[in-house]
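Have a look at the structure below before the remarks.
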Amino acid sequence: VIMESSHANQDSTQEAVVSSDLEILEPLVENGISVMGIRATPRFSYFVPECIAANGNFQIACGIDKASFYMSDDEFSRLVDFSQYAQMADLTSVFCPNDFCSPVDGNIIKYLDDSHFTKTYAISLADELEIYIMKSLGLS
């Protein structure tokens, strides 16, 4: 089972945690089901492709600082202790290298809208996600 370990709802551009998620994990693990929690991807207050089209210097104009979306790693760890239940997939360093969440990665536009990434970008994440999936299945 793959589930969110954090999210951003439509009313917010801040990462949040649902405390009831940990209650869901225990019965799954007790029944031998492998679980992987995946940390949220950034949510923007605008449609990223429109911002890119409207701004010549879109890297700066359309990106956000990591801290403006994500809670600190320490705070996240305090709120989300998946360690006894599941493998945690945290791709924040992929989405926000150097603490900046760029709208593009090389020549790939990351986002379709304000929070959903493109198929092309999703495919580029396959190798990174495979590492976490293999760990969650106990195959690495």
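If you're matching positions, the sequence shown starts at 42 in the working numbering and goes up one per residue.
Ideal Cβ placement from N, Cα and C applies to all residues, glycine included.
Owing to the predicted nature of the structure, the values given are computational and were not obtained by experimental measurement.
If contacts are defined as beta-carbon pairs under 8 Å, then residue i and residue j qualify, I think. What distance do you get, rounded to the angstrom?
i      : j      : result
Cys92  : Pro144 : 7 Å
Tyr173 : Met44  : In fact, because the Cβ distance is near 13 Å, the residues do not count as touching under 8 Å.
Ser156 : Ala49  : 7 Å
Asp146 : Asp106 : With a Cβ gap of about 17 Å, Asp146 and Asp106 do not count as contacting.
Asp168 : Val89  : Not quite, the Cβ-Cβ distance comes to about 23 Å (not below 8 Å), so this is no contact.
Assign residue i to buried or exposed, taking buried as 16 or more other Cβ atoms, counted over all protein chains shown, within 10 Å of its Cβ.
i      : result
Arg80  : buried
Arg119 : exposed
Gln128 : buried
Asn130 : Going by the sequence as given, residue 130 is Ala instead of Asn. It counts as buried.
Tyr87  : exposed
Gly179 : exposed
Glu116 : exposed
Ala94  : exposed
Lys160 : exposed
Cys46  : Checking the sequence, you will find Ser at residue 46 rather than Cys. Classification of Ser46: buried, given that the 10 Å Cβ count is 16 or more.
Ser177 : buried
Glu56  : buried
Gly97  : exposed
Pro68  : exposed
Val42  : exposed
Kindly identify the DSSP beta-bridge partner or partners of residue i.
i      : result
Gly78  : Met44 and Met129
Val145 : Ile150
Phe85  : None; Phe85 has no bridge partner.
Ala57  : His48
Phe158 : Tyr152
The alpha helix (DSSP H) spanning residue i covers which residue range?
i      : result
Phe110 : Lys107 to Phe110
Cys92  : Val89 to Ala95
Arg119 : Asp114 to Leu120
Phe99  : Phe99 to Cys103
Ala170 : With the sequence shown as reference, residue 170 is identified as Leu, and Ala is not the correct amino acid for it. Residues Ala167 to Ser177.
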